[in-house]
Every structure is written in C-alpha cells, then in structure tokens.
Amino acid sequence: MRSVVRGCGRRRRQRAVAMAEGEGLVSVDYEVSGKREAKRLGLVGWVQNTSHGTVQGQIQGPTARVRELQEWLRKVGSPQSCISRADFSNEKEITALEHKEFQILK
Numbered sequence: 442m443r444s445v446v447r448g449c450g451r452r453r454r455q456r457a458v459a460m461a462e463g464e465g466l467v468s469v470d471y472e473v474s475g476k477r478e479a480k481r482l483g484l485v486g487w488v489q490n491t492s493h494g495t496v497q498g499q500i501q502g503p504t505a506r507v508r509e510l511q512e513w514l515r516k517v518g519s520p521q522s523c524i525s526r527a528d529f530s531n532e533k534e535i536t537a538l539e540h541k542e543f544q545i546l547k
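Heads up: the sequence shown runs through residues 442 to 547, numbered per my numbering.
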C-alpha cells in the first residue's frame, strides 16, 4: 500500500488531541504485506517500507478509530493493493499520544 497523508495541519493535530481526551487510547504496532495506504481517521504514528517488501508502522489514537483502521488494513487497503496478511502486535493502552502526527519514515 502507498501511504497517503492528507491535511496533516494544526487542525488535524488539534482534533486528534481533542478526540484523545474523551476516549481511551491505544497504541498498536503493525506490519502489512502488500502496498500501503494509511490514515484517513486522524490517527497519529508512523509507517515505513521494510527491506523484505512489507510495510510496518505504529498507529495511535482512540480505540474505535484504531480498530477501524485495523479492519481497513486487513480487508480493504488502497485501490491498488493486494494485502495477503496484516499482523498487529504490541497493543497497549496509553495515557497520552506519543506522536504529534502521522509520518512516513524512510
């Protein structure tokens, strides 16, 4: 999946923080086999390509939105992706977001 990050301005960060104040937060590491497309839900974290042809990253935000993105990664992906496997690990509850935005690491 190719990552597409739209509108990562101050308003999006403020919305992520505002959402975080009213709901429990979680942090989940993930790895996806295929091409990447990420975030439309205002979540924060990071994503990067690996040397073995997968994409890995971490997403953080309100539990319901993280679950929605996990489901999207498992079943849908970007229009050009062919996801054969999506693994999630290291899930933990967090008290505050550890990232300010969603970044594509190189």
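Note that the Cβ used here is the ideal one computed from N, Cα and C, for glycine as well.
task = Keeping to the same chain, check which residues put their C-beta closer than 7 Å to that of I535; ignore five residues upstream and five downstream.
result = Start at 1 with the first residue of the sequence shown, and residue 535 comes out as number 94. The beta carbon of I535 is closer than 7 Å to those of L466, V467, S468, Q501 in its chain, skipping five residues each way along the sequence.
ask   = If F543 and V485 are in contact, beta carbons under 8 Å, what's the gap, nearest whole angstrom?
value = Taking the sequence shown and counting its residues from 1, one reaches residue 543 at position 102. Taking the sequence shown and counting its residues from 1, one reaches residue 485 at position 44. Taking a contact as a CB-CB distance under 8 Å, the pair F543 and V485 counts as one, their CB atoms being some 6 Å apart.
Residue interval of the beta strand (DSSP E) (run including V485) = Counting from one through the sequence shown, the residue named residue 485 turns up at place 44. Residues 485-490.
ask   = Which of helix, strand or coil does DSSP assign to L510?
value = Taking the sequence shown and counting its residues from 1, the one referred to as residue 510 is at position 69. The answer is helix: DSSP assigns L510 an H, G or I state.
ask   = Roughly how many angstroms separate the alpha carbons of V507 and D470, rounded to a whole number?
value = On the sequence shown, residue 507 is found 66 positions in, with the first residue counted as 1. On the sequence shown, residue 470 is found 29 positions in, with the first residue counted as 1. Cα atoms of V507 and D470: separation of roughly 11 Å, rounded to the nearest angstrom.
task = Compare the Cα-Cα distances from G549 to each of Q489, A505, V496, Q497 and report the closest residue.
result = Given that the chain is displayed from residue 442 to residue 547, the structure contains no residue 549 and the question cannot be resolved.
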